[in-house]
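Undergrad: Starting off with a structure, shown below.
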Amino acid sequence: MTTTGEDHAAARGGPWWWARWRSAALDVGLALASALECAFEGVRFARDAGIPVAAGVVFGVLAGSALLVRRQWPIAVVLVSIAITPAQMGYLMGIVGLYTLAASELPRRIIGSLAGMSLVGMLIVMFVRVRQDMARGTWDLGDWFVPFAAITTAIGMTAPPLLLGLYVGARRRLMESLRERADSLERELMLLAERAEERAEWARNEERTRIAREMHDVVAHRVSLMVVHAAALQAVARKDPEKAVKNAVLVGDMGRQALTELREMLGVLRSGDGAGARRGEPSVPLVAVAAAVAASRVVEEGEGPCLSELEELIGQSAAAGMVVDLSVEGDVRSYAAEIEQTAYRVVQEALTNVHKHAAGAKTHVRLAHRGSEIAMQVENEPPPEVGSASARLPSGGNGLVGMKERVAALGGVFVSGPTDAGGFRVSAVIPAVVAAV
Numbered sequence: 501m502t503t504t505g506e507d508h509a510a511a512r513g514g515p516w517w518w519a520r521w522r523s524a525a526l527d528v529g530l531a532l533a534s535a536l537e538c539a540f541e542g543v544r545f546a547r548d549a550g551i552p553v554a555a556g557v558v559f560g561v562l563a564g565s566a567l568l569v570r571r572q573w574p575i576a577v578v579l580v581s582i583a584i585t586p587a588q589m590g591y592l593m594g595i596v597g598l599y600t601l602a603a604s605e606l607p608r609r610i611i612g613s614l615a616g617m618s619l620v621g622m623l624i625v626m627f628v629r630v631r632q633d634m635a636r637g638t639w640d641l642g643d644w645f646v647p648f649a650a651i652t653t654a655i656g657m658t659a660p661p662l663l664l665g666l667y668v669g670a671r672r673r674l675m676e677s678l679r680e681r682a683d684s685l686e687r688e689l690m691l692l693a694e695r696a697e698e699r700a701e702w703a704r705n706e707e708r709t710r711i712a713r714e715m716h717d718v719v720a721h722r723v724s725l726m727v728v729h730a731a732a733l734q735a736v737a738r739k740d741p742e743k744a745v746k747n748a749v750l751v752g753d754m755g756r757q758a759l760t761e762l763r764e765m766l767g768v769l770r771s772g773d774g775a776g777a778r779r780g781e782p783s784v785p786l787v788a789v790a791a792a793v794a795a796s797r798v799v800e801e802g803e804g805p806c807l808s809e810l811e812e813l814i815g816q817s818a819a820a821g822m823v824v825d826l827s828v829e830g831d832v833r834s835y836a837a838e839i840e841q842t843a844y845r846v847v848q849e850a851l852t853n854v855h856k857h858a859a860g861a862k863t864h865v866r867l868a869h870r871g872s873e874i875a876m877q878v879e880n881e882p883p884p885e886v887g888s889a890s891a892r893l894p895s896g897g898n899g900l901v902g903m904k905e906r907v908a909a910l911g912g913v914f915v916s917g918p919t920d921a922g923g924f925r926v927s928a929v930i931p932a933v934v935a936a937v
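The opening residue of the sequence shown carries number 501 in my numbering; numbering runs sequentially from there.
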């Protein structure tokens with residue numbers, strides 16, 4: 501189990517400059533051991549220097565206690581150990597001090613300089629001590645042993661703690677770096693999770709809008725025509741039975757077409773929900789399933805309406821009593837499925853609005869095929885005063901919004917508004933090539 505940098509910082513709870521109580525206890529123990537060592541060696545130093553033994557012991561205890569501040573001031577500890585090296589005391593303090601110095605964050609040149617001073621001091625002291633011992637006859641070896649013993653002892657007392665400290669310091673810095681990277685990665689993952697959740701919410705909202713728009717396009721036009729035909733059927737049922745029968749047939753055809761389109765859309769949604777359940781995925785709202793079906797079935801498989809069906813669409817409006825004419829400019833050609841579907845839906849919704857708000861008004865549908873775009877315009881004249889509200893068609897106010905969203909999604913321009921003559925005009929221009937997202 502790893503801990504992050506925040507957990508590591510929160511774990512600091514030791515006294516004074518110590519991060520943990522365990523570190524404080526270790527340094528106190530090392531300081532006591534160093535003080536005892538220096539006190540013992542201070543006895544011999546006092547005898548050799550001709551001073552009172554008590555003074556030598558006190559000096560050794562004070563010098564050895566410097567190890568207590570090795571974490572806070574490692575340079576001071578090493579300097580004290582170098583200073584008392586001629587007195588032949590403080591070996592433990594020198595070893596621990598060098599280790600602490602090498603493991604610290606101090607510049608390498610300072611560490612190298614102090615280590616070199618400690619090595620030279622130890623070399624000189626050991627050279628003198630071994631030479632004195634040989635002069636007193638303690639050791640009866642050749643002259644070669646003096647430099648050998650001095651060099652070996654000095655390196656042995658200096659190199660191991662220095663190398664070990666450098667290794668521990670490098671490892672500590674590596675662990676700190678890994679902790680920082682772990683914290684950074686954790687923050688990045690949290691940000692990515694938040695952004696993914698935001699994107700998922702945005703996608704759900706987009707699909708809700710697309711499903712609502714598609715349902716509106718499928719239902720509103722058919723039902724509007726059905727209501728118009730039903731109103732006409734009611735008006736002529738007794739006067740012209742033959743025309744009433746014809747209107748009834750049209751109402752039935754419109755209803756069947758609307759049911760067929762609704763059944764296809766709901767079938768796609770149901771199949772998408774079932775596939776997710778079979779894979780063992782968590783259940784999602786029906787609207788979220790639209791992300792996998794609304795665009796793919798209608799656009800990629802080309803199951804939506806296209807421009808070649810415009811004449812049939814206009815014929816249905818004409819059968820409902822609307823006077824409508826269609827004019828096409830430019831060379832007729834095919835476009836991407838989503839472009840043709842959007843153009844068709846714009847004309848369909850504009851005609852639906854005429855049925856709702858300007859029943860009986862003459863309408864002009866214009867379609868222009870240009871080099872890099874396709875333009876469409878649906879304009880109706882002012883409705884006649886008599887019977888203009890006979891159909892009583894409700895309006896939710898979403899038709900124009902849906903048309904604008906469809907056109908804008910393809911990089912086109914949509915404009916709508918009343919004309920000077922009192923009618924209404926809907927215009928849209930869509931690029932002939934869909935821009936890559």
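We treat Cβ as the ideally placed atom computed from N, Cα and C, and that holds for glycine. Just so it is clear, the structure is predicted and the values come from calculations on it, not from any experiment.
Quick check: the region 853-865 against the region 814-831, are there 3 or more CB pairs under 8 Å?
TA: Judged by Cβ distances under 8 Å, the region 853-865 makes contact with the region 814-831, as three or more pairs qualify.
Undergrad: Please name the residue, chosen from Leu689, Trp644 and Phe545, that lies closest to Val630 on a Cα-to-Cα basis.
TA: Closest option to Val630, Cα to Cα, is Trp644.
Undergrad: Going along the chain, which unbroken runs of the alpha helix (DSSP H) with 4 or more residues stay wholly within the region 791-868?
TA: Qualifying alpha helix (DSSP H) stretches, in chain order: 810-819 and 837-857.
Undergrad: Looking at C-alpha atoms only, which residue of Ala670, Met754, Ser872 and Gln841 is the closest neighbour of Pro805?
TA: Ranking Ala670, Met754, Ser872 and Gln841 by Cα distance to Pro805 puts Gln841 first.
Undergrad: Rounding to the nearest angstrom, what Cα-Cα distance links Ala576 and Ile610 in this structure?
TA: Taking the straight line joining both Cα atoms gives about 12 Å.
Undergrad: Could you have a look at Met589 and say whether DSSP puts it in helix, strand or coil?
TA: Reduced to three states, the DSSP call for Met589 is coil.
Undergrad: Counting only the same chain and skipping the five closest in sequence on each side, list residues whose C-beta sits under 8 Å from that of Leu810.
TA: Around Leu810: Leu826, Tyr844, Val847, Val865 and Leu867.
Undergrad: Once DSSP output is grouped into helix, strand and coil, what is the label at Arg756?
TA: DSSP places Arg756 in helix when its eight states are reduced to three.
Undergrad: Use the C-beta contact count for Ala539: other C-beta atoms within 10 angstroms, 16 or more gives buried, fewer gives exposed.
TA: It is buried - the Cβ of Ala539 has at least 16 other Cβ atoms within 10 Å.
Undergrad: Looking at Ala546 and Ala555, is the spacing between their C-beta atoms short of 8 Å?
TA: Taking 8 Å as the Cβ cut-off, Ala555 and Ala546 qualify as a contacting pair.
Undergrad: Alpha carbon to alpha carbon, how far is Val668 from Arg544?
TA: Going by the C-alpha atoms only, they are around 36 Å apart.
Undergrad: Would you kindly report the start and end of the unbroken alpha helix (DSSP H) that includes Glu537?
TA: Where Glu537 is concerned, the enclosing alpha helix (DSSP H) stretches over Trp521 to Ala549.
Undergrad: Mind checking which residues open and close the alpha helix (DSSP H) that includes Ser613?
TA: First-last of the alpha helix (DSSP H) with Ser613: Arg608 to Ala635.
Undergrad: Note the first and the last residue of the continuous alpha helix (DSSP H) segment covering Ser581.
TA: Its alpha helix (DSSP H) spans residues Pro574 to Ala583.
Undergrad: Which residue's Cα is closest to the Cα of Thr709: Gly902, Ser618 and Gly922?
TA: Selected option, being the one with the closest Cα: Gly902.
Undergrad: Give the single residue among Ile874, Phe914, Ser613 and Leu663 whose Cα lies nearest to the Cα of Val832.
TA: When only C-alpha atoms are compared, the closest one is Ile874.
Undergrad: To which residues of the same chain is Pro883 closer than 7 Å at the C-beta, ignoring the five residues directly before and after it?
TA: Excluding sequence neighbours, Pro883 sits near Ala858, Ala859, Gly860 and Ala861.
Undergrad: May I have the straight-line CA-CA distance separating Thr585 from Glu686, to the nearest angstrom?
TA: Near 50 Å, if we compare the C-alpha coordinates of Glu686 and Thr585.
Undergrad: Roughly how many angstroms separate the alpha carbons of Asp740 and Leu750, rounded to a whole number?
TA: Computed Cα separation, rounded: 16 Å.
Undergrad: Would you please state the rounded distance, in angstroms, between the beta carbons of Val596 and Arg570? I believe it to be under 8 Å.
TA: The Cβ separation is near 6 Å, so the contact holds.
Undergrad: Using the rule of at least 16 other Cβ atoms within 10 Å of the residue's Cβ for burial, across every protein chain shown, is Leu692 buried or exposed?
TA: It counts as exposed.
Undergrad: With a cut-off of 8 Å on the beta carbons, I'd call Met593 and Ala566 a contact; round off their distance for me.
TA: Yes, they are in contact, since the Cβ atoms of Met593 and Ala566 sit about 7 Å apart, within 8 Å.
Undergrad: If you reduce the DSSP assignment to three classes, tell me which class Val553 lands in.
TA: In the structure shown, Val553 sits in a helix (DSSP, three-state: H, G or I).
Undergrad: Suppose you measure from the CA of Ala775 to the CA of Asp753; what does that come to, to the nearest Å?
TA: Caution is warranted here: a pLDDT of 46 is assigned to Ala775, below 50, making its placement in the model unreliable, and the coordinate value is therefore given only provisionally. Cα-Cα distance, rounded: 33 Å.
Undergrad: According to the neighbour-count rule (16 or more other Cβ atoms, all chains shown, within 10 Å of its Cβ), is Val854 buried or exposed?
TA: Buried, since its Cβ has 16 or more Cβ neighbours within 10 Å.
Undergrad: Checking the sheet assignment: what are the DSSP bridge partners for Asn747?
TA: The partner list for Asn747 (beta bridge, DSSP) is empty, contrary to what the question assumes.
Undergrad: Looking only at its chain, what residues have a beta carbon closer than 8 Å to the beta carbon of Asp920, apart from the 5 residues adjacent to it on each side?
TA: Taken in chain order, the list of residues that qualify is empty.
Undergrad: Between Leu813 and Val933, what straight-line distance do the alpha-carbon atoms span, to the nearest angstrom?
TA: When rounded, the distance between both Cα atoms is 25 Å.
Undergrad: Just the C-alpha distance for Leu662 and Ile551, rounded to the nearest angstrom, thanks.
TA: Each residue's Cα considered, the two are about 35 Å apart.
Undergrad: Tell me which same chain residues have a C-beta within less than 7 Å of the C-beta of Val878, skipping the five on either side of it?
TA: These residues qualify, in order along the chain: Val847, Ala850, Leu851, Thr863, Val865 and Val926.
Undergrad: Leaving out the 5 sequence neighbours to the left and right, which residues in its chain are closer than 6 Å to Val913 when beta-carbon positions are compared?
TA: Taken in chain order, the residues that qualify are Val929.
Undergrad: Is Pro882 helix, strand or coil by DSSP?
TA: DSSP places Pro882 in coil when its eight states are reduced to three.
Undergrad: Under the assumption that Leu733 contacts Ala744 (Cβ atoms under 8 Å), give the Cβ distance between them as a whole number of angstroms.
TA: Correct: roughly 5 Å between the Cβ atoms.
Undergrad: I think Gln816 touches Leu725, with their Cβ atoms under 8 Å apart; what is that distance to the nearest whole Å?
TA: Indeed they touch by this definition, with Cβ atoms about 6 Å apart.
Undergrad: Measuring straight from C-alpha to C-alpha, what distance separates Arg681 and Arg699?
TA: Whole-angstrom Cα-Cα distance: 26 Å.
Undergrad: Suppose the cutoff is 6 Å on Cβ atoms and the five residues either side in sequence are ignored; what does the same chain contact list for Gly899 look like?
TA: Here the set comprises Glu849 and Asn853.
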